[in-house]
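So the structure is just underneath, and the comments pick up after that.
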Amino acid sequence: MNSYLQTLVHHAIASQLRLEDASIEDAHTFEELRMDPLDLVLVVLRLEDLDRGQGEFPLTALADARTVGDLVLLADLWLQQGTMPGSGQSTGPQRRSVA
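Residue numbers (the numbering used here): 37 to 135.
Structure, rendered in structure tokens:
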């Protein structure tokens with residue numbers, strides 16, 4: 037896993053929740069940190085501000101995220117663009133409907 041990305045995600049969460057960066061661990065659940073869905077979206081928006089042309093983070097992928105580590109993994113996948121669950125992009129064959 038990208039430790040730089042992990043540091044960025046931890047910092048974004050700590051900043052949003054007004055905590056020390058060192059107090060954030062991958063094993064923490066959002067519930068333990070008392071992060072509500074709005075906090076989570078605001079953290080993602082902070083990460084989007086740092087993107088390098090990767091486009092919008094697909095918020096639907098957050099539905100299954102429960103821990104800080106889950107968010108780090110999703111951010112890593114997002115940066116790999118196209119492998120992100122819910123991104124609407126596929127690297128495999130496209131199925132077309134016949135009307």
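Note that beta-carbon positions come from the ideal geometry of N, C-alpha and C, so glycine has one too.
The structure displayed is predicted, hence computed values, not measured ones.
Nearest-angstrom Cβ-Cβ length linking residue i and residue j, presumed shorter than 8 Å
i, j, result
"Phe93", "Val80", "5 Å"
"Leu44", "Leu86", "7 Å"
"Ala50", "Glu56", "6 Å"
Buried or exposed (CB count within 10 angstroms, at least 16 for buried), residue i
i, result
"Ala58", "exposed"
"Leu95", "exposed"
Span separating the alpha-carbon of residue i from that of residue j
i, j, result
"Arg82", "Ala111", "12 Å"
"Leu74", "Ser39", "25 Å"
"Leu113", "Leu41", "11 Å"
"Glu68", "Gly91", "30 Å"
Selected residue, minimal CA-CA separation from residue i, among the options
i, options, result
"Met71", "Glu56, Gln52, Glu84", "Gln52"
Cβ contact (3+ pairs, closer than 8 Å) linking the segment 81-101 and the segment 55-64: The segment 81-101, when compared against the segment 55-64, does not touch it at the 8 Å Cβ threshold.
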